[in-house]
Amino acid sequence: MQLPHKRWIWYLVPSQVTAQGLSTVIPLYVIFLGGGIGEVAIITALQNGAVAIGSIFWGKVIDRFHTRRPILLLSFFVALLCSLGMYFTNSIIVLYGIAPILGFFMVGKNPVTQLLVMESVQKNLWSWLFARTSIISTFGMVVAMIIGTVGSFYFDLRPYFLICAASGGIAMVLSTTVKGGGFHLERSSIAHSLHGLQYAISQYHFVFQKIPELYDFKHIITIFKGKISNEIGIFYFAIFFFYLGSTMYFTAWTPFLKSHDFSNSGVFLNYLIQTATMLGVFFIAPKVIAKIGEERATITAYIPRVLAVVIPGVLVPLMVGTMGFVLAIVSSCLMVIGFSIFSTSSSVIFFKSIPQGFEGKYLGVNSAITGIGVFVGSLVTGELTKFFGYTTLFLSSSTILVCSLILFQIYFRYKLSNKIV
11 MQLPHKRWIW YLVPSQVTAQ GLSTVIPLYV IFLGGGIGEV AIITALQNGA
61 VAIGSIFWGK VIDRFHTRRP ILLLSFFVAL LCSLGMYFTN SIIVLYGIAP
111 ILGFFMVGKN PVTQLLVMES VQKNLWSWLF ARTSIISTFG MVVAMIIGTV
161 GSFYFDLRPY FLICAASGGI AMVLSTTVKG GGFHLERSSI AHSLHGLQYA
211 ISQYHFVFQK IPELYDFKHI ITIFKGKISN EIGIFYFAIF FFYLGSTMYF
261 TAWTPFLKSH DFSNSGVFLN YLIQTATMLG VFFIAPKVIA KIGEERATIT
311 AYIPRVLAVV IPGVLVPLMV GTMGFVLAIV SSCLMVIGFS IFSTSSSVIF
361 FKSIPQGFEG KYLGVNSAIT GIGVFVGSLV TGELTKFFGY TTLFLSSSTI
411 LVCSLILFQI YFRYKLSNKI V
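Quick note on my numbering: the sequence shown kicks off at 11 and runs consecutively.
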């Protein structure tokens with residue numbers, strides 16, 4: 011099948027070069043400036059928090075003004091400015107300010123991309139085009155890591171910020187092909203489409219179709235009271251622990267590699283192999299899920315995920331030289347294999363559990379729970395590692411993931427028995 015004649019789709023490549031490139035180089039640059047796991051964790055938490063807030067803000071802007079091209083242009087322009095700002099600064103304090111600005115504006119492209127995909131083809135082709143969009147986005151991530159691997163082998167980190175700025179400028183130019191005018195689809199259409207929802211959750215995590223109110227968390231609150239009003243509350247807790255444990259791993263990963271004498275090029279190469287693996291698993295995961303079912307796939311996905319976290323936790327003394335590089339690659343690849351399967355299967359399960367007409371509320375709560383898990387995970391990583399070391403950090407992360415697995419098993423039992431206590 012030919013790709014539809016939509017030139018706008020190619021802005022995904024340079025935009026992902028910028029986004030993925032900056033997310034990788036910022037922790038490295040913090041360490042280069044003399045910072046450690048504590049500073050990396052704070053910056054990551056600030057950026058993740060800004061992404062969650064930005065997801066709400068830009069969604070509201072789209073709902074109110076039905077605009078897309080100006081949001082894309084602003085998003086990429088600010089990314090360009092932030093890249094230049096980081097190129098010229100020597101201060102970690104300045105990075106504390108730039109990182110959340112970057113997160114807040116860069117996330118603006120996400121809801122626009124989702125709607126552009128759904129407007130470009132007929133509904134029966136949404137799944138196909140979302141899949142192609144994921145491939146193109148992941149290809150952009152691979153390009154970012156190739157540039158980083160080669161460039162950091164010959165140069166220090168600063169020139170990489172200029173690459174990110176240039177790719178942001180290219181994304182701006184390509185986004186001008188997006189036509190003006192109002193949306194043909196409302197942003198809430200994403201919540202009514204299995205393919206749109208699956209893509210949104212697996213790619214961006216924060217998808218606020220509706221800002222949740224306190225009442226929307228009732229299924230979680232009742233669990234604290236010793237009751238289960240609906241099994242979806244257990245699902246939310248499982249998701250919270252999943253992202254809490256996973257974020258602890260991801261936040262610590264770059265500082266952990268640098269603490270074991272990985273070069274900047276070695277770190278980029280690690281992420282390059284990880285991203286290439288994720289691209290390969292993308293084609294395999296749907297077949298695995300179709301064969302064994304969403305529920306079994308969700309449970310199975312925890313095996314590589316937990317192993318990925320346990321490996322650096324229990325094999326810290328071996329994380330040196332060639333053996334250390336091999337173990338790091340194995341850990342990184344297992345992590346994305348688990349996530350690729352989990353994100354797809356769990357989003358399908360979540361979609362099927364939403365009562366008709368409540369998509370916005372359920373998706374808003376899910377995004378809020380995810381956001382809290384990611385934010386808390388980033389902050390906990392810094393303090394836990396500073397006081398107890400990386401071994402404790404990774405073992406704690408794996409324990410939290412096991413708790414998430416247990417909660418999913420409980421959720422499936424309640425769902426199958428149709429119990430409401």
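Glycine included, each C-beta is placed from N, C-alpha and C at the ideal position.
| Item | Value |
| --- | --- |
| Take the Cβ of Q30 as the centre, count every other Cβ of all protein chains shown within 10 Å, and call the residue buried at 16 or more, exposed below. | buried |
| How long is the line joining the alpha carbons of W18 and V153, rounded to whole angstroms? | 19 angstroms |
| Buried or exposed for V336, going by 16 or more other Cβ atoms inside 10 Å? | exposed |
| Would you call N100 buried or exposed, if buried means 16 or more other Cβ atoms sit within 10 Å of its Cβ? | exposed |
| For V183, count neighbouring Cβ atoms within 10 angstroms of its own Cβ and tell me buried if that reaches 16, exposed if not. | exposed |
| Skipping 5 residues on each side, what residues in its chain have a beta carbon closer than 8 angstroms to that of F193? | Unreliable placement is indicated for F193, whose pLDDT of 48 sits below 50; the coordinate value is still reported in the next sentence. Correct list, in chain order: I72, H76, R78, L125 and E129. |
| Could you tell me if I301 is buried or exposed, where buried requires 16 or more neighbouring beta carbons within 10 angstroms of its beta carbon? | First, the residue type needs correcting, since residue 301 is Lys and not Ile in the sequence shown. Label assigned to K301: exposed. |
| In angstroms, rounded to a whole number, what distance separates the CA positions of I242 and L94? | 44 angstroms |
| Let me confirm a value: G392 is counted as buried when at least 16 other C-beta atoms fall within 10 Å, else exposed. Which label applies? | buried |
| Determine the extent of the alpha helix (DSSP H) in which Y106 is found, giving its start and end residues. | I102 to M116 |
| Would you call the stretch 59–74 and the stretch 308–323 in contact, with 3 or more CB pairs under 8 angstroms? | no |
| For the alpha helix (DSSP H) containing R78, list its first residue and its last residue. | Element bounds for R78: n/a, residue is neither H nor E. |
| When you compare only the Cα positions, how much space is there between L411 and S355? | 17 angstroms |
| In three-state terms, what does DSSP make of E393? | helix |
| Excluding the five sequence neighbours on either side, which residues of its own chain have a C-beta within less than 8 angstroms of the C-beta of Y106, listed in chain order? | I52, I53 and L56 |
| Label F165 either buried or exposed according to how many other C-beta atoms from any shown protein chain fall within 10 Å of its C-beta, with 16 as the threshold for buried. | exposed |
| Hey, would you say F352 sits closer than 9 angstroms to T409, going by beta carbons? | no |
| If you measure between the beta carbons of V375 and F227, is that distance less than 9 angstroms? | yes |
| Can you give me the Cβ contacts of S414 inside the same chain, cut-off strictly under 7 angstroms, excluding the 5 residues immediately before and after it? | A248, F251, F252 and G255 |
| Leaving out five residues on either side along the sequence, give the residues of the same chain with a beta carbon under 7 angstroms from the beta carbon of G323. | T401, F404, L405 and S408 |
| Exposed or buried, which one is Q26 when buried takes at least 16 other CB atoms within 10 Å? | buried |
| Output needed for L90: all residues of its chain with C-beta closer than 6 angstroms, excluding positions within five of it in sequence on either side, in chain order. | A175, G178 and G179 |
| How far does the alpha helix (DSSP H) with Y164 in it reach, from first residue to last? | W136 to Y164 |
| If I follow the unbroken alpha helix (DSSP H) through M333, where does it start and stop? | G331 to S363 |
| Got a sec, what are the start and stop residues for the alpha helix (DSSP H) S25 sits in? | L22 to F42 |
| Spell out whether any CB of chain B is found under 9 angstroms from the CB atom of V386. | Absent from the structure: chain B. Only one protein chain is present. |
| In whole angstroms, what separates the C-alpha of T285 from that of L22? | 16 angstroms |
| Assuming the contact rule is C-beta atoms closer than 8 angstroms, V340 and I321 should be a hit. Round their C-beta distance to whole Å, please. | 6 angstroms |
| Do you know whose CA, among S65, F422, V61 and W138, lies nearest F293's CA? | W138 |
| Please report the distance separating the alpha-carbon of V160 from that of G276. | 10 angstroms |
| Rounded to the nearest angstrom, what separates M155 and F278 at their Cα positions? | 6 angstroms |
| Once the 5 residues before and after L282 are set aside, which same chain residues still bring their CB inside 8 angstroms of it? | V152, M155, I156, G158 and T159 |
| If you draw a straight line from the C-alpha of F86 to the C-alpha of Y372, how long is it? | 30 angstroms |
| I'd like to know whether the C-beta atoms of S388 and S65 end up nearer to each other than 9 angstroms. | no |
| Return the chain-ordered list of same chain residues with a C-beta closer than 8 angstroms to the C-beta of P296, the five sequence neighbours on each side being excluded. | T354 |
| If we ignore side chains and look at the alpha-carbon of each, how far apart do K119 and M288 end up? | 22 angstroms |
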